[in-house]
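Data block below; observations after.
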Amino acid sequence: MARGGAMVAAADAGAGAGVAPGYSSEITFTVVMSCLMAASGGLIFGYDISITGGLTQMQSFLEAFFPDIWAKMNNAEQDAYCIFDSQVLTTFVSSLYLAGVFACLIAGHVTRRVGRRNSMLIGASLFFVGAILNCAAVNIAMLVIGRILLGFAVGFTNQSAPVYLAEIAPARWRGAFTSIFHFFLNVGMFVADLVNYRANTIPVWGWRLSLGVAVVPAAVILVGAAFIPDTPNSLVLRGKLDEARASLRRIRGAAANIDAELKDIARAAEEDRQHHTGAFRRIVRREYRPHLVMAIAIPVFFELTGMIVVTLFTPLLFYTVGFSSQKAILGSIITDVVSLASIAAAALTVDRYGRRTLFMVGGGVLLVCLTGMAWTYGARLGSDGGKAMPRGYAVAVVALVCLYDAGFGISWGPLKWIIPSEIFPLEVRSAGQSMSEAISLALTFAQTQSFLRMLCSFKFGAFAYNAAWVVVMTAFVALLLPETKGVPIESLGAVWAQHWYWKRFVKPPPPPPSTAAETKQADGAPA
């Protein structure tokens, strides 16, 4: 996902770290409201991710569309691992992500042409229509078409909202403002589980409430986005310099000196125009090898952490260990609270202790939890899913999932968004981030389509599979990902050039003029 592209770095151009001279760091009312409106795109995405976890074991929903699964849930002899093994059910869930992949491939171009705000309006409109179609569904085809529309909406909002947040925020607060998107995503998941908890008690039409509530935040964004300014970066990129000046004045406040920031935005926009057309061809060159590897590896490893259990199938996981449908949703609400707390902790520590430290700590926690779940399921549920899990062990599974959420929330959860947004050089930033997000959505589709079948086939081995991958990804980070804490975004080339392995690919940055002059003088040459 192109989370800012060239424009994200505009305020940093020529100034190094911190706030560039002449920049305003004031947080105006317009900035706050605009950022909250953009971050609401994350809320809808989180809601649509999490709502399916409760729906897929909700009586009213299953009786209406999947009566065979409802029959298996009431069969005492049914293999607990295979209750929800249905390709049609997983198609309903995963169609959103497949549509998101295709939308992501075109959303970057559309966002560049029509602006960040208008792209959010397109996404909100698709969310609104998709939510209505799902709420009014009378057959599976309507459900899937509605989810496809939601997937296209995700492609547009995930492309434009984080970019909008990064560009609209004051330079010194950019990281905090951009992280709001991920926080709101988890708020959306929490709200979805609360709605499911209530809807699960409503016979016949409770599922319509779960799917229909998504209309509310979509309508809020649809109306609110019409009243917020587009980013000055986007306006300059489209040649609307006067409108960009007015937008920047509105964002930074009437008393702010905006000339320096507007000049840097214009310079970055010009650089972006020069490099934009060949970005995808350029990123495969040898000197961009580490960036290409990270664009692929980070989303791949993110999906292999086992996060599919955390975000989509937590209620189903709790149901398989013996909890009632209602208690399974309640357990999911508890894990949502843990996730929100851990994300807040990550935001407070990521710039103090560094990215690699959080990866290492999180990797250790994930490994312990996945190994513990594999042992618990294998020893107490059996290899054929025919045993009843003792209540104490079922509670232990909930505790392990909560601990997993905490480890994921301080490591791969937020860092999956942070690392791709900062490691790419300006000339390949849009290509690298778009590639990373497309890969992530494609793998989420593959996992949602296959996880329930995998659980049915591998049994408790599904958790051991993810545990093995956590070992691999933690070793990868330890060996190949340099620390980027505190390094200005446009100075990261030196970090790659000093890395023990990547230095053979990356060209070292040219020395500053003063250093070059001193070197000449040391050699006896005139400065």
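Take 310 as the starting number for the sequence shown in the numbering used here and just add one per residue. Yeah, the Cβ is synthetic: ideal placement off N, Cα and C, and Gly gets one too.
Would you kindly check if the distance between the Cβ of ALA771 and the Cβ of GLN366 is under 8 Å?
-> One-based indexing of the sequence shown puts residue 366 at position 57. One-based indexing of the sequence shown puts residue 771 at position 462. Taking the C-beta atoms as reference points, ALA771 is found no nearer than 8 Å to GLN366.
Span of the alpha helix (DSSP H) holding PRO599?
-> Position 290 of the sequence shown, counted from the first residue, corresponds to residue 599. Note, PRO599: alpha helix (DSSP H), 598-612.
Hey, would you say LEU520 sits closer than 8 Å to ALA433, going by beta carbons?
-> Counting from one through the sequence shown, the residue named residue 520 turns up at place 211. Counting from one through the sequence shown, the residue named residue 433 turns up at place 124. No. Outside cutoff.
My guess is that LEU626 and VAL710 are in contact by the Cβ rule of under 8 Å, so how many angstroms apart are they, rounded?
-> For this step, residue 626 is matched to residue 317 along the sequence shown. For this step, residue 710 is matched to residue 401 along the sequence shown. Cβ atoms of LEU626 and VAL710 come within 8 Å of each other, at about 7 Å.
Taking the alpha-carbon positions, what's the ALA416 to ALA565 distance?
-> Stepping through the sequence shown from its first residue, residue 416 is reached at position 107. Stepping through the sequence shown from its first residue, residue 565 is reached at position 256. Their backbone Cα atoms lie some 33 Å apart in a straight line.
The ligand FMN heavy atom lying under 7 Å from the CB of SER745 | This structure does not include the ligand FMN; it has no bound ligands of any sort.
Contact belief for SER720 with GLY671 at Cβ below 8 Å, rounded distance in angstroms | What you label residue 720 is simply residue 411 of the sequence shown in a count that begins at 1. What you label residue 671 is simply residue 362 of the sequence shown in a count that begins at 1. Contact flag correct, Cβ pair sits at about 2 Å.
Measure the alpha-carbon distance for SER403 versus TYR473 and round it to whole angstroms.
-> The sequence position of residue 403 within the sequence shown is 94, counting from 1. The sequence position of residue 473 within the sequence shown is 164, counting from 1. Distance from the CA of SER403 to the CA of TYR473, rounded to the nearest whole angstrom, comes to 27 Å.
Close beta carbons around PHE717, own chain, < 7 Å, minus the five adjacent residues each side = Taking the sequence shown and counting its residues from 1, the one referred to as residue 717 is at position 408. If we look at PHE717 and ignore the five residues flanking it on each side, its Cβ neighbours are THR614, MET616, VAL619, GLY671 and LEU675.
Buried or exposed (CB count within 10 angstroms, at least 16 for buried), PHE589 | Against the sequence shown, residue 589 aligns to sequence position 280. Note on PHE589: under 16 other CB atoms within 10 angstroms of its CB, so exposed under the neighbour-count rule.
At least 3 beta-carbon pairs within less than 8 Å: the region 779-794 vs the region 420-431 | Two segments are said to touch when three or more pairs of C-beta atoms, one from each, lie closer than 8 Å; by this definition the region 779-794 does not touch the region 420-431.
Cα-Cα separation, VAL646 to PHE499 | Here the question's residue 646 lines up with position 337 in the sequence shown. Here the question's residue 499 lines up with position 190 in the sequence shown. Counting only the Cα atoms, PHE499 lies some 7 Å from VAL646.
Length of the line joining the Cα atoms of ASN505 and VAL545 = Taking the first residue of the sequence shown as position 1, residue 505 is located at position 196. Taking the first residue of the sequence shown as position 1, residue 545 is located at position 236. Those two C-alpha atoms are separated by around 44 Å.
Simplified DSSP assignment, three categories, for VAL438 = By one-based count along the sequence shown, residue 438 stands at place 129. In the three-state reduction of the DSSP assignment, VAL438 falls in the helix class, which pools H, G and I.
In the structure shown, what three-state DSSP assignment does PHE401 receive?
-> The sequence position of residue 401 within the sequence shown is 92, counting from 1. Here PHE401 sits in helix by DSSP.
Provide the residue span of the alpha helix (DSSP H) that contains PRO723, from first to last.
-> Taking the sequence shown and counting its residues from 1, the one referred to as residue 723 is at position 414. Counting along the chain, the alpha helix (DSSP H) containing PRO723 begins and ends at 721-731.
Under the three-state DSSP convention, the category TYR473 falls into = In the sequence shown, counting from the first residue as 1, residue 473 sits at position 164. TYR473 falls in the helix class under three-state DSSP.
Cβ-based burial, SER333 [other Cβ within 10 Å; buried from 16] | Position 24 of the sequence shown, counting from 1, holds the residue named residue 333. Any answer about SER333 is weak, because its pLDDT of 47 lies below 50 and its placement is not dependable; what the coordinates show is given next. Buried: at least 16 other Cβ atoms inside 10 Å.
Out of PRO817, SER349 and SER730, state which residue places its alpha-carbon closest to the alpha-carbon of VAL496.
-> Numbered from 1 along the sequence shown, position 187 holds the residue referred to as residue 496. Nearest C-alpha to VAL496 among PRO817, SER349 and SER730: SER349.
Note down the Cα distance separating GLY600 from ALA747, rounded to an integer number of angstroms.
-> Walking along the sequence shown from the start, residue 600 turns up at place 291. Walking along the sequence shown from the start, residue 747 turns up at place 438. The sequence given here has His at residue 600, not Gly. C-alpha separation (whole angstroms): 16 Å.
With a 10 Å radius around its C-beta and 16 neighbouring C-beta atoms as the bar for buried, classify GLU570 as buried or exposed.
-> By 1-based counting over the sequence shown, the position of residue 570 is 261. That one is buried.
Span of the alpha helix (DSSP H), counted from its first residue to its last, around ILE643 | Within the sequence shown, numbered from 1, the residue matching residue 643 stands at position 334. Bounds of the alpha helix (DSSP H) holding ILE643 are 634-662.
Cβ neighbour criterion (16 or more within 10 Å) applied to ALA373 | For the purposes of this step, residue 373 is identified with residue 64 of the sequence shown, where counting begins at 1. In the assembly as shown, ALA373 is a buried residue. Its beta-carbon has 16 or more other beta-carbons within 10 Å.
Rounded separation between ILE732 and GLY802 - CA only | Counted from its first residue, the sequence shown places residue 732 at position 423. Counted from its first residue, the sequence shown places residue 802 at position 493. CA-CA distance, ILE732 to GLY802, rounds to 9 Å.
Three-state secondary structure (DSSP) at TYR810?
-> Along the sequence shown, read from residue 1 onward, the residue named residue 810 stands at position 501. Looking at TYR810 - three-state DSSP - the assignment turns out to be coil, as it is neither helix nor strand.
Under three-state DSSP, which class holds LYS816?
-> In the sequence shown, the residue the question calls residue 816 occupies position 507. Secondary structure of LYS816 (DSSP, three-state): coil.
For GLN368, which of GLY355, CYS344, VAL602 and PHE393 has the nearest alpha-carbon?
-> The residue given as residue 368 occupies position 59 in the sequence shown. Looking from the CA of GLN368, the closest CA among GLY355, CYS344, VAL602 and PHE393 belongs to PHE393.
Cut-off 6 Å between Cβ atoms - residues of its own chain near ARG312, not counting five sequence neighbours on either side = By 1-based counting over the sequence shown, the position of residue 312 is 3. For ARG312, the pLDDT reaches just 35, beneath the cut-off of 50, and the residue's location in the model is therefore unreliable, leaving the point undetermined.
Report, in whole angstroms, the separation of the C-beta atoms of TYR356 and PRO624, which I expect to be a contact under 8 Å.
-> By 1-based counting over the sequence shown, the position of residue 356 is 47. By 1-based counting over the sequence shown, the position of residue 624 is 315. Not a contact, Cβ separation roughly 15 Å.
ARG591 to VAL609 span [Cα, whole Å] | On the sequence shown, position 282 is the one that residue 591 refers to. On the sequence shown, position 300 is the one that residue 609 refers to. For ARG591 and VAL609, the distance between alpha carbons rounds to 22 Å.
Nearest CA to the CA of MET346: which residue from ILE537, TYR406, LYS381 and TYR713?
-> For this step, residue 346 is matched to residue 37 along the sequence shown. Of ILE537, TYR406, LYS381 and TYR713, the smallest CA-CA separation from MET346 is found for ILE537.
In terms of residue numbering, what span does the alpha helix (DSSP H) encompassing CYS711 cover?
-> The residue labelled residue 711 in the question sits at position 402 within the sequence shown. Unbroken alpha helix (DSSP H) run through CYS711: 700-718.
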